[in-house]
Amino acid sequence: MRAAALVRALGLGLALAGGAATAQTCRAAYDRAPPAVNACGDDRRVTLAFVGDVLLHSPLQRQAYAAGFGTLWSAAAPFLREADLAVANLEGPVATGLALSGFRGDPGAVFDGTVHSSYPLFNYHASLLPALRDLGIDAVSTANNHALDRFSAGADATIDALEAAGLPHSGTIRTGAPRDFVLHLPSALGRIALLSCTFSTNGVPDPGRQALNCFADRDEVMAAIRAEAARPGVAGVIVLPHWGVEYTHVPGQAERALAAEMAAAGAMAVIATHPHVVQPVETVPGPSGAVPVAYSTGNFVSGQVGLARQTGMLLRIGICLAAPEGDLALGLGARAAVAELGWVALAMVRGAGRELAVADEGGVAPAARAAHDLVERIVPGRALMPRLVCDGDGPFAAGSADLPALLQ
């Protein structure tokens, strides 16, 4: 969903020339090229943006239902919309009218604590889904430990709601549906295959095996990766695991081993969630070159507190047709590889409400600056320098203002 122009009207209510508030058209740009991961056969690129957990604790639901979801995350919109494809983890059901005790009816876009609920068993109003699309999200992962927070019926209802909103997903299936967890997204290089899986459903039984389990269904996961990597018309496979130990910045050996196996099976990238904090990015070998593994992108939006849990990263990758060498020269394996990878730090800040701030190295808001510094320590050398480039003659003319001054 590349947009040459933002995306976000800067109706800032400022007294500009003539005393009128002026809305400007802006687009996201980056002042630093990300480090290369693999060599490319030509200059064509497809860009993808990945963010972490959409985890709406009660304060966020109350704010979003009353004032709009844009009050939570509008600062991230330019950077998600700039990418050709953007993906988030939908952490919890969108099961209209379903309480834990059964169907209660839709109370509307309000947090009632019964139908629409928070930790430990989440459920969100369906207005979330078009809001995610408006934000710039093109697809979501539904495989996570909260996927069955409204049991099997809730997983079915969530898929119904996603389809009604026109928001593709990977990771769960309807009761009795064929076991096809792969989502194909079109791109200029061919289809991108997304495959999502989770380590757990928090002990909620899954008799219909509606959620793909990264570990218990390991053979099935690897078979799906191999099949998609060899499928005609598929440029590459990206795996989206939900795994790991919460609140630690160090990935576990089980996750490292599984990531290496996914790469060997033909995954082009492995981009994970669940720990609610940022974890390192490493590269492991694959049939078509180096495979980046992001062990956790952290939260996207949540009500969790503390710098580590309020910090996430927007991971931006460029993919290309790989330079023909090794297995690729023989026509084997995936046809695309990750060309470059970089990140933008996100900070969930609290003021009158809760909202995302987007950070660069010169971030104005202390929380944004601290978030950037934290991610730089964990994923060094891959920071992008985000900027809004705006049209017009006002104080936010093209190239005249950096991002934090505009959005924080």
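Residue numbers (my numbering): 1 to 408. Think of the CB as a built atom: it goes at the ideal place given N, C-alpha and C, for glycine as much as any other residue.
Phenylalanine 151 versus Leu129, Ala95, Asp134 and Ala29, residue with shortest Cα-Cα distance: Here residue 151 refers to the residue found at position 151 of the sequence shown. Comparing Cα positions, the closest option is Ala95.
Nearest-angstrom Cβ-Cβ length linking threonine 410 and glycine 208, presumed shorter than 8 Å: No answer is possible for residue 410: it lies beyond the span of the chain, which begins at 1 and ends at 408.
Burial state of alanine 352 (16 or more Cβ within 10 Å): For the purposes of this step, residue 352 is taken as residue 352 along the sequence shown, with counting starting at 1. Exposed.
Range covered by the beta strand (DSSP E) that runs through arginine 27: Translated into positions along the sequence shown, residue 27 becomes position 27. Unbroken beta strand (DSSP E) run through arginine 27: 26-30.
Minimum C-alpha distance to asparagine 145 - residue among Asn213, Arg335 and Asp134: The residue you call residue 145 lines up with position 145 of the sequence shown. Of the candidates Asn213, Arg335 and Asp134, the one whose C-alpha sits nearest the C-alpha of asparagine 145 is Asn213.
Spatial distance of leucine 48 from phenylalanine 122 (CA atoms): For the purposes of this step, residue 48 is taken as residue 48 along the sequence shown, with counting starting at 1. For the purposes of this step, residue 122 is taken as residue 122 along the sequence shown, with counting starting at 1. The straight-line gap from Cα to Cα measures roughly 28 Å.
Contacting residues, own chain, Cβ-Cβ under 6 Å from glutamate 246 (five flanking each side not counted): Here residue 246 corresponds to residue number 246 of the sequence shown, with the count starting at 1. Cβ within range, chain order: Pro275 and His276.
CB of alanine 347 within 8 Å of CB of alanine 367, strictly: Taking the first residue of the sequence shown as 1, we reach residue 347 at position 347. Taking the first residue of the sequence shown as 1, we reach residue 367 at position 367. Closer than 8 Å, so yes.
Aspartate 391 - DSSP class collapsed to helix/strand/coil: Taking the sequence shown and counting its residues from 1, the one referred to as residue 391 is at position 391. In the structure shown, aspartate 391 sits in coil (DSSP, three-state: anything other than H, G, I, E or B).
Inter-stretch contact (C-beta, 8 Å, three-pair minimum) for the segment 75-84 and the segment 132-148: yes
With 16 other Cβ atoms within 10 Å as the buried cut-off, status of threonine 114: One-based indexing of the sequence shown puts residue 114 at position 114. The residue in question, threonine 114, is exposed, as its Cβ has fewer than 16 Cβ neighbours within 10 Å.
Beta strand (DSSP E) runs wholly inside the segment 140-215, at least 3 long, in chain order: 182-185 and 191-198
Whether valine 239 touches leucine 189 by CB criterion (8 Å): Along the sequence shown, read from residue 1 onward, the residue named residue 239 stands at position 239. Along the sequence shown, read from residue 1 onward, the residue named residue 189 stands at position 189. In this structure, leucine 189 does not lie closer than 8 Å to valine 239 by Cβ.
Segment contact flag, the segment 100-117 with the segment 154-172, C-beta cutoff 8 Å, min 3 pairs: no
Start and end residues, beta strand (DSSP E) containing threonine 47: In the sequence shown, residue 47 corresponds to position 47, counting from 1. Start and end: 46-54.
For aspartate 134 and phenylalanine 300, believed in contact at Cβ under 8 Å, the rounded distance: Position 300 of the sequence shown holds residue 300. Position 134 of the sequence shown holds residue 134. Contact flag wrong, Cβ pair sits at about 15 Å.
Backbone CA spacing between alanine 211 and glycine 203 [nearest angstrom]: In the sequence shown, residue 211 corresponds to position 211, counting from 1. In the sequence shown, residue 203 corresponds to position 203, counting from 1. Going from the Cα of alanine 211 to the Cα of glycine 203 covers about 12 Å.
Cβ-based burial, glutamate 163 [other Cβ within 10 Å; buried from 16]: In the sequence shown, residue 163 corresponds to position 163, counting from 1. When all chains shown are included, glutamate 163 counts as exposed.
Inter-residue spacing [alpha-carbon to alpha-carbon] between tryptophan 243 and serine 200: Taking the first residue of the sequence shown as 1, we reach residue 243 at position 243. Taking the first residue of the sequence shown as 1, we reach residue 200 at position 200. In a straight line, the C-alpha of tryptophan 243 is about 8 Å away from that of serine 200.
For isoleucine 225, three-class secondary structure by DSSP: Residue numbering aside, residue 225 sits at position 225 when the sequence shown is read from its first letter. Here isoleucine 225 sits in helix by DSSP.
According to DSSP, residues forming a beta bridge with histidine 372: Locating residue 372 in the sequence shown gives position 372, where the first residue counts as 1. For histidine 372, which the question treats as bridged, DSSP gives no partner whatsoever.
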